[in-house]
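Going letter by letter, the sequence shown gives residues 1 to 160 in UniProt numbering.
Step one of this worksheet: look at the structure below.
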Amino acid sequence: MKISKDSVVQFHYKITDLEGNELESSYDSHPALYLHGHSNMMEGIESLLDGKEKGDKVTGELAPEVTFGQRIEDASQRVPVKHLTGAEKWAPGMTAIVHTDQGQRQVTIMKMGKFMATVDLNHPLAGQTLIFDLEVTDVREASEDEISHGHAHGVGGHQH
Ligand SMILES: [Zn+2]
1 MKISKDSVVQ
11 FHYKITDLEG
21 NELESSYDSH
31 PALYLHGHSN
41 MMEGIESLLD
51 GKEKGDKVTG
61 ELAPEVTFGQ
71 RIEDASQRVP
81 VKHLTGAEKW
91 APGMTAIVHT
101 DQGQRQVTIM
111 KMGKFMATVD
121 LNHPLAGQTL
131 IFDLEVTDVR
141 EASEDEISHG
151 HAHGVGGHQH
């Protein structure tokens, strides 16, 4: 089946910069999983995958507006250390996941205090045009539960 609204899509990805340096890859772990057409995935990736089928591979050069966003100046914010997830001990330069009202955000630690950390809210890859290599590993219809929740269930998606 072709990917369209309410498809649950599983895909592998590789992100490289314009100089050809590999920045991120899902091939080291499990593929990403999302519910298509519900703004759960970056706009640029959804448009590359729209209409594709299991086994298809697609490559696209995507602008920051449709991926990790433009870099925002002065995007530093103080957050409680206990809200940082992804590591046991923190040091400046590390990236952490912070849960916000808008969902998960990947942030960069700028300064560490005992209870509060100063983080940069820009995604580490914000502001860059990047090459995305995508491979569709599975497409299926969403269940009624998934459509009413607005997200995919299973490995790589919500597990509850
Ligand atoms: Zn759910």
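Yeah, the Cβ is synthetic: ideal placement off N, Cα and C, and Gly gets one too.
Everything numeric in this text was worked out from a predicted model, so none of it was measured.
N- and C-terminal bounds of the beta strand (DSSP E) containing L62
Within the sequence shown, residue 62 is the residue found at index 62, counting from 1. Note, L62: beta strand (DSSP E), K57 to L62.
If you draw a straight line from the alpha carbon of I109 to that of M1, how long is it in whole angstroms?
Residue mapping note: residue 109 aligns to position 109 of the sequence shown, counting from 1. Residue mapping note: residue 1 aligns to position 1 of the sequence shown, counting from 1. Using only the alpha carbons, I get a separation of about 42 Å.
Under 8 Å between C-beta atoms of S7 and E144
Stepping through the sequence shown from its first residue, residue 7 is reached at position 7. Stepping through the sequence shown from its first residue, residue 144 is reached at position 144. No, they are not a contact pair.
Closest to Y13 by CA distance: which of L35, L84, H36 and G60 is it?
Locating residue 13 in the sequence shown gives position 13, counting from the first residue. Considering only alpha carbons, the answer is G60.
Anyone know if the C-beta pair for A91 and M112 falls short of 8 Å?
In the sequence shown, counting from the first residue as 1, residue 91 sits at position 91. In the sequence shown, counting from the first residue as 1, residue 112 sits at position 112. For A91 and M112, yes; Cβs fall inside 8 Å.
Contact set, ligand 1 heavy atom to C-beta under 7 Å:
D145, E146, H149, H151, H153, H158 and H160
Compare the C-alpha of L35 against each of I3, V66 and E88 and name the closest.
Numbered from its first residue, the sequence shown carries residue 35 at position 35. The candidate whose alpha carbon is nearest that of L35 is I3.
Would you kindly work out how many angstroms separate the C-alpha atoms of T129 and L48, rounded to a whole number?
Position 129 of the sequence shown, counting from 1, holds the residue named residue 129. Position 48 of the sequence shown, counting from 1, holds the residue named residue 48. Taking the straight line from one Cα to the other gives about 15 Å.
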